[in-house]
Amino acid sequence: MAASRPGHGHKPVYDYRADQLGKQAGTHAAILVEGRWYCPSMPEPLIKATIDPHADRIDRETWIKLIAARRGYRIMPKENADADGYQRMMSPAEASKAQCPIKPHTMGRGIHLPLIDPEPSPTGPLKVCRQRTITVGPEAGAKQWQALDYGSRRIRGIAAQTILLAFQLAHANRRKIKKWLDTLSLGGERPRRRTHHRRQTKEPKSWTPTGLLAPAAWITPSRHFSTTETGPTREIAHARDLSYALIRLCDASQRSWK
Numbered sequence: 001m002a003a004s005r006p007g008h009g010h011k012p013v014y015d016y017r018a019d020q021l022g023k024q025a026g027t028h029a030a031i032l033v034e035g036r037w038y039c040p041s042m043p044e045p046l047i048k049a050t051i052d053p054h055a056d057r058i059d060r061e062t063w064i065k066l067i068a069a070r071r072g073y074r075i076m077p078k079e080n081a082d083a084d085g086y087q088r089m090m091s092p093a094e095a096s097k098a099q100c101p102i103k104p105h106t107m108g109r110g111i112h113l114p115l116i117d118p119e120p121s122p123t124g125p126l127k128v129c130r131q132r133t134i135t136v137g138p139e140a141g142a143k144q145w146q147a148l149d150y151g152s153r154r155i156r157g158i159a160a161q162t163i164l165l166a167f168q169l170a171h172a173n174r175r176k177i178k179k180w181l182d183t184l185s186l187g188g189e190r191p192r193r194r195t196h197h198r199r200q201t202k203e204p205k206s207w208t209p210t211g212l213l214a215p216a217a218w219i220t221p222s223r224h225f226s227t228t229e230t231g232p233t234r235e236i237a238h239a240r241d242l243s244y245a246l247i248r249l250c251d252a253s254q255r256s257w258k
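Using this note's numbering, you'd call the opening residue of the sequence shown number 1 and step up by one each time.
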């Protein structure tokens, strides 16, 4: 399998051989299990969840429940990967997906969150546990990493995916054709729905509010209005100057976008 990591322009999704299931790699004590990063204290039954069905030790319903239980132990991204494929990630406890005694501020969040049971270590907590975030490099688990949880795809294989895509395209075409036929008058009957036409809008630079604003020919950057001249009062003159300034700003913004 070719190496692929986030930030390289594509996200791989694939299957594994029987000898590639379970724990595949590790970095900063985080473990890669069937393409996704998890807490090193994830229970062994969850790590071997996909190995056991191949040995006929558990049924499919149990396997589905074990795969779903993995979510509480997943290492979560803190930010998107950079252009070189390096990505900051955080433990499930820091991501509010679990509770961990190593991080006391994560305790007491509710019984709905899994309680991580880390193994004691003479060297102290592991790096992924003691730090708020870790940096996963592009070389870590590059051959096994994938964008989706293993087993989350209901249909596997290029042939099956192609057939599914054909059904989706056929359904989209059928829906568009039916919507078009409903706008036609067939057999002397009135159409079931009206045809919608997009309204034509004026260019922003050709629009001016009515009322206090003068014709567009008056709008020049060098023109000023005196508060002593006859006609507009002081308040109207100030409002008009402000309106002209806003219109010039809109024109400048429009030109900058072209």
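Positions of the beta carbon are idealized from the N, C-alpha and C atoms, including for glycine.
Every alpha helix (DSSP H) of 4 residues or more that sits fully in the segment 10-96 is shown, in chain order, as 44-47, 51-54 and 60-69. When DSSP states are grouped into helix, strand and coil, I134 belongs to the strand group. The three-state reading of DSSP puts L164 in helix, counting H, G and I together. DSSP, reduced to helix, strand and coil, places L113 outside both helices and strands of the structure shown, so it counts as coil. By DSSP's assignment, Q99 forms a beta bridge with L115. Taken through DSSP and simplified to helix, strand or coil, K143 comes out as coil. Assigned with DSSP and collapsed to three states, L169 falls in helix. Nearest to A29 by C-alpha distance, out of L164, H171, L126 and R190, is L126. The DSSP-derived three-state label of P104 is helix.
Taking P118 as reference, the option from E34, Q24 and E44 with the minimal CA-CA separation is E44.
Around the C-beta of K65, fewer than 16 other C-beta atoms lie within 10 Å, and the residue is accordingly described as exposed. The straight-line gap separating the alpha-carbon atoms of D52 and K11 is approximately 28 Å. From the listed residues R130, L115, P114 and K97, the smallest Cα separation to S121 is found for R130. The beta carbon of R132 sits closer than 7 Å to the beta carbons of M90 and E94 from its chain, once the five residues preceding and following it are set aside; these are given in chain order. Taking the Cα positions, A140 is about 10 Å away from Y86.
Counting the other Cβ atoms within 10 Å of the Cβ of E34 gives 16 or more, which makes it buried.
Counting every other CB atom within 10 Å of its CB across the protein chains shown gives Y73 a total of 16 or more, marking it as buried. Of all alpha-carbon atoms in T135, I163, A172 and A142, the one lying nearest the alpha-carbon of D82 is that of T135. Taking a contact as a CB-CB distance under 8 Å, the pair L21 and W145 does not count as one, their CB atoms being some 15 Å apart. Taking a C-beta distance under 8 Å as the contact criterion, C39 and I75 qualify as a contact pair. Annotated three-state conformation of R190 is coil, per DSSP. In this structure, the CA atom of T123 is about 16 Å from the CA atom of S41.
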